[in-house]
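Right, one structure below, let's go through it.
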Amino acid sequence: MGASKIISQKTIIAGVAIFTLIVLFIIYIYTRDTPKNNFRKAKKYHRRAEKYYEHGETELADENYELAREYREYAQEQIKGDHI
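The opening residue of the sequence shown carries number 136 in our numbering; numbering runs sequentially from there.
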């Protein structure tokens, strides 16, 4: 009875460790510096800017449009191979 408890605890610990590694891997894939992810970020900032303009917050909208432009340009440079 005692041995099965230990095996069960070890199995749970291993499962939690594997789950944590999978979550970290997914976060890495989603946030790494690739053209696809940078275009996604540009799209996100562009949408935010549109919402800010709808609510009359032009300064925040302009900042978000600028971020969108920067991410878009950087992604295009990555595709061309011009980035460092």
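Every residue gets a Cβ at the ideal spot worked out from N, C-alpha and C, and that includes glycine.
- Where D168 is concerned, there is no enclosing alpha helix (DSSP H), because DSSP gives it neither an H nor an E.
- With distances taken between CA atoms, A203 lies nearest to F174 out of H190, E192, F174 and E189.
- Taking a cut-off of 8 Å for Cβ pairs, the stretch 176-186 and the stretch 196-216 touch, as three or more such pairs fall below it.
- The Cβ neighbour count for A184, taken over all protein chains shown within 10 Å, is at least 16; the residue is labelled buried.
- Taken through DSSP and simplified to helix, strand or coil, E192 comes out as coil.
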